[in-house]
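J.: Going from the sequence shown to the working numbering is simple: count from 1 and add 176.
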Amino acid sequence: MTTSAQSSTDPELEQKVKRSTQKISENVHIFANEPSLALYRLQEHIRKSMPQLVEKRLEINNVKQDLHGKCYDVEYAVNAVKSTHGCGQHFQNIQDLLKNAMFIKQQLTYEESRKSGTATMRNERKPNQQSMYQRLSSLSLELPDLPDALRPVASVLSASSFDSRHNQSSGNQIPDKN
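#1: What residues in its chain sit with their C-beta under 6 Å from that of P227, if we drop five residues either side in the sequence?
#2: According to DSSP, is N269 part of a helix, a strand, or is it coil?
#3: If I follow the unbroken alpha helix (DSSP H) through C247, where does it start and stop?
#4: Run through DSSP, which three-state label would N354 get?
#5: Is the closest heavy atom of the ligand ZN to the C-beta of Q282 under 8 Å?
#6: Using the Cβ count rule (16 or more neighbours within 10 Å means buried), how would you classify E188?
#7: Can you give the Cα-Cα distance for K291 and Q268, rounded to whole angstroms?
#8: Classify E288: buried if its beta carbon has 16 or more other beta carbons within 10 angstroms, exposed otherwise.
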């Protein structure tokens, strides 16, 4: 009898245990997914991750400001380079004026040498008085070393002077020093 009594109570007991465990699991599931608990978990997550997000956002804003500044610098440099393209005529004028000045200096030197030959014969001038031609001829025509910023301009001028010398040999232009 004991075996039959145990077998009859066991299915009932098993059924009661199943029902109670199902109810417990449903309640645990409801409590785990309750909106207030979900909001608490969201709040916890936000509190942990917010400082890192704020730091990254500040870093991105700083990088953005640096990028805008560098873009402005690049645009300014591009405009400066574009504006130098229009300066070619001015540099050509400067080169022509320098050539004219050198030619006039050569003429003054020649005139001075002619006059100094006749003046020394007459002894009209005192030794410490110099004529205007002598003062101009004592000036140095050599240009000082150019800073690195002007090297491209100097190379353009030397290239254009080579072109002008080449053109002088083929046509009538102002004679060069050589």
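C-beta: ideal position from N, C-alpha, C; glycine also.
T.: On the basis of the supplied data:
#1: If we look at P227 and ignore the five residues flanking it on each side, it has no Cβ neighbours.
#2: N269 sits in a helix when the DSSP states are folded into three classes.
#3: Element bounds for C247: 211-261.
#4: In this prediction, N354 has a pLDDT of 42, which is less than 50 and means its spatial position is unreliable; what the coordinates show is noted afterwards. N354: coil per DSSP, three-state reduction.
#5: Although the ligand ZN was asked about, the structure shown includes no ligands whatsoever.
#6: Flag for E188 reads exposed.
#7: If I take the Cα positions, the gap works out to 34 Å.
#8: Buried, because 16 or more other Cβ atoms sit within 10 Å of the Cβ of E288.
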